[in-house]
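Colleague:
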């Protein structure tokens, strides 16, 4: 094998597969590392762990075809630091070492048998497929998956539901204490609805990979146990979480005794200040009193004292005294963009949080019982 | 007590004492936290742990004098986030709580008895004192103390020696494998020489405190167990390490068989590349061959392969084949500013590293034995 790359192209390709190639949680040696495959007319870099397979096509010149399986966590750093813009990779069939050359630097890297690499296979025909664009998908992921659980005793809640019905794509995540839902309308309807629970950890990696300088088409194909994302020169396949996602529609409240509109930055500042000591105590409890066009926020810490803060708001309905986990309120505020936030609730009931004029993004948070 | 501050002044004052006030390694409750003292015409904030005492004078208005002892790790964050530029602090003598007010925010902070605070006492008359400026002192600290040891079995090597003889101020640190020494000439001679071993951990805090936008006078006073630094509105007193610092002059080599001049950036890049895999193996060994106006660097890792790199240099003397810990070489290169580095050594002997045209900064590094 003998390949030539521009440094930028090679490091970008290695960066794409890096996280999967170096995943240590699933470290079974022969399934980690990366495969550089240049058998025909393209150079492909692949990585595959139990949860996610990824492959990327990297521009470069194939002087002699070949493939090589490397498990070396330093390959990307070595490549990035090479003192030249051109990088050469070569390996004689009889060698066990791959030589990486750039300028006056030479790196000889131990390799493994490419037959031991578990290649990423393409999904030929899924039961359903659709396409969207990279910015929309990143947005959906980032605005929902943070609400999932990290408790691996209940794996369903560690995932984010991707649901497609006709032309509506909905993503939902919940840890049972709060729920985030966002939907978009696709350009085309699909025939066969999709209901896939994708591990949120993997969605974070997919979000990271999405090109955001320009929206790019992402083709999504579902089969029973996997879902695949194809965009520009990248192909990602992830496993799904098996099981039934809870009926999230039932959780979204529709009756309220109190509706509050508040300026986002002011409210965020106020919740942040009240959270400073609350977050150090066990449950991060902030008490909210909505009354007379004002929100009063209080929190206390047994060792450090109490905080009291006020924000002006505009109100409809009755006075309300209710407590929430401060982190759960800050989480949604961080994911809002609009200047005005709408809070709707009633005594001892979940609160609905929305941005003004934005019906496609819904956040629900359950109150905390306090003495 | 009732005090008024500009937010900027108060947060700056709290930041100054923060690290000492929150030191957990010496956490004996009544000696941690901070004292705000406004008994006469100035407002002083103090913090004191076993190792370091610090006090700072903060501008503000004393409406009612008083003092308060607070142990609250969130005070600084609360203050910084208050939504107003003016901050009021008040406490009735009978109260146990300090009230901090800013805009619509109110924070009530539990306090302790000020008599339990171990106040920072001034050193009235040390056996010797001198002055320098803040930028010079920060420079001396940052360019030497990194070479100290972190092994608390040998406390002497965890400190940096500050030695003043007549008008020469020298700072030296060593972990026995390498040594960094820097000296400056003071404007005035001192009568009584100083030899103080200051814990490097505390020097890092002193360096952080040094004003660097403009050089400011730092007055330094030594007594047997302590040394004090006074600059602008800050007073810092630190304990010293007892014992005899080793004779560092004996360690500095003076006979060489090989002298090499090399461009700093190129050499650094080369050492960094070679270090990538070396630093993952046990001793971070890089082999250097100085020969024919070229440095050849190599390193190997049992699992990942070998790296080979070359840098042009200009040489005097004999060929030399020698190995060093890569981190020790990078450490000195990071602390150099000149474009050209001079390396002088001979077989199996320590190497002297200096910047071209800079005799006041010396670095010595011991070679490693390799097979």
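Chains as they are written, first to last, in this note's numbering: chain A, 1 to 371; chain B, 1 to 371. Note that CB positions come from ideal geometry on N, CA and C, so glycine has one too. Every value quoted in this text rests on a predicted model; they were computed, and no experiment measured them.
#1: Along the segment 90–113 of chain A, where does the CB come closer than 7 angstroms to a CB of chain B? Name the residues.
#2: So residue 326/B contacts chain A; which residues on that side make the cut at Cβ distance below 9 angstroms?
#3: For chain B, check one thing: does any of its Cβ atoms lie closer than 8 angstroms to the Cβ of residue 272/A?
#4: By Cβ distance, which residues of its chain are closer than 7 angstroms to residue 182/B, with the 5 residues on each side in sequence left out?
#5: Need the endpoints of the alpha helix (DSSP H) that residue 278/A sits in, please.
#6: Where in the segment 15–94 of chain B do unbroken runs of the beta strand (DSSP E), each at least 3 residues long, occur, reported from the N-terminal end onward?
#7: Starting from residue 134/A and walking both ways along the alpha helix (DSSP H), at which residues does that stretch end?
#8: Would you mind telling me which residues of chain B sit closer than 7 angstroms to residue 83/A, beta carbon to beta carbon, in chain order?
#9: Under 8 angstroms, Cβ to Cβ, is there at least one residue of chain A near residue 284/B?
#10: Below 9 angstroms between beta carbons is the criterion; list the residues of the segment 144–160 of chain A that meet it against any residue of chain B, in chain order.
#11: Kindly indicate which residue of 61/B, 275/B, 316/B, 119/B has the alpha-carbon position closest to the one of residue 50/B.
#12: Let me know the secondary structure DSSP gives residue 305/A once reduced to three states.
#13: Just the C-alpha distance for residue 3/A and residue 104/A, rounded to the nearest angstrom, thanks.
#14: Counting only runs of 4+ residues fully inside the segment 104–168 of chain A, write out the alpha helix (DSSP H) ranges in chain order.
#15: In chain A, what lies closer than 9 angstroms to residue 276/B by C-beta?
#16: Mind listing which residues of the segment 234–252 of chain A have their C-beta closer than 9 angstroms to chain D's C-betas, in chain order?
#17: Tell me the residue span of the beta strand (DSSP E) that contains residue 326/A.
#18: Does chain A have any CB closer than 8 angstroms to the CB of residue 307/B?
#19: Since residue 338/B is in the beta strand (DSSP E), which residue starts that stretch and which ends it?
#20: Are the beta-carbon atoms belonging to residue 200/B and residue 173/B less than 8 angstroms from one another?
#21: Confirm, please, whether the CB-CB distance from residue 65/A to residue 1/A is below 8 angstroms.
#22: For residue 193/B and residue 163/B, I'd like the C-alpha separation in whole angstroms.
#23: Hey, would you say residue 57/B sits closer than 8 angstroms to residue 70/B, going by beta carbons?
#24: For a cutoff of 8 angstroms on Cβ pairs, would you count residue 361/A as touching chain B?
#25: With distances taken from CA atoms, which of 124/B, 336/B, 243/B, 333/B is nearest residue 223/B?
#26: Can you tell me the Cβ-Cβ gap for residue 179/B and residue 283/B, rounded? I've got them flagged as a contact below 8 angstroms.
#27: Does the CB of residue 292/B have a neighbour CB from chain A at under 8 angstroms?
#28: Touch check for the segment 334–346 of chain A and the segment 217–236 of chain A: three-plus C-beta pairs under 8 angstroms?
#29: Would you kindly work out how many angstroms separate the C-alpha atoms of residue 273/A and residue 261/A, rounded to a whole number?
#30: Which one of 358/A, 324/A, 215/A has the shortest CA to CA distance from residue 285/A?
#31: Measuring CB to CB, does residue 320/A end up less than 8 angstroms from residue 347/A?
#32: Rounded to whole angstroms, how far is the Cβ of residue 108/A from the Cβ of residue 99/A, which I believe are closer than 8 angstroms?
Modeller: Here's the rundown:
#1: 97, 104, 105, 106, 107, 108, 109, 110
#2: Going along chain A, no residue has its Cβ under 9 angstroms from residue 326/B, so there is no contact; the nearest lies around 13 angstroms.
#3: yes
#4: 140, 143, 144, 171, 360, 361
#5: 264–278
#6: 34–38, 43–48, 52–58, 61–64, 66–70, 86–90
#7: 134–142
#8: 269
#9: no
#10: none
#11: 119/B
#12: strand
#13: 17 angstroms
#14: 134–142
#15: 74, 77, 78, 81, 107
#16: Here chain D cannot be found, since the structure's protein chains are A and B.
#17: First-last for residue 326/A: 326–334, but that is the alpha helix (DSSP H), not the beta strand (DSSP E).
#18: yes
#19: No beta strand (DSSP E) holds residue 338/B; DSSP gives it neither H nor E.
#20: yes
#21: yes
#22: 7 angstroms
#23: no
#24: no
#25: 124/B
#26: Not really, about 19 angstroms apart at Cβ, beyond 8 angstroms.
#27: no
#28: no
#29: 20 angstroms
#30: 324/A
#31: yes
#32: 5 angstroms
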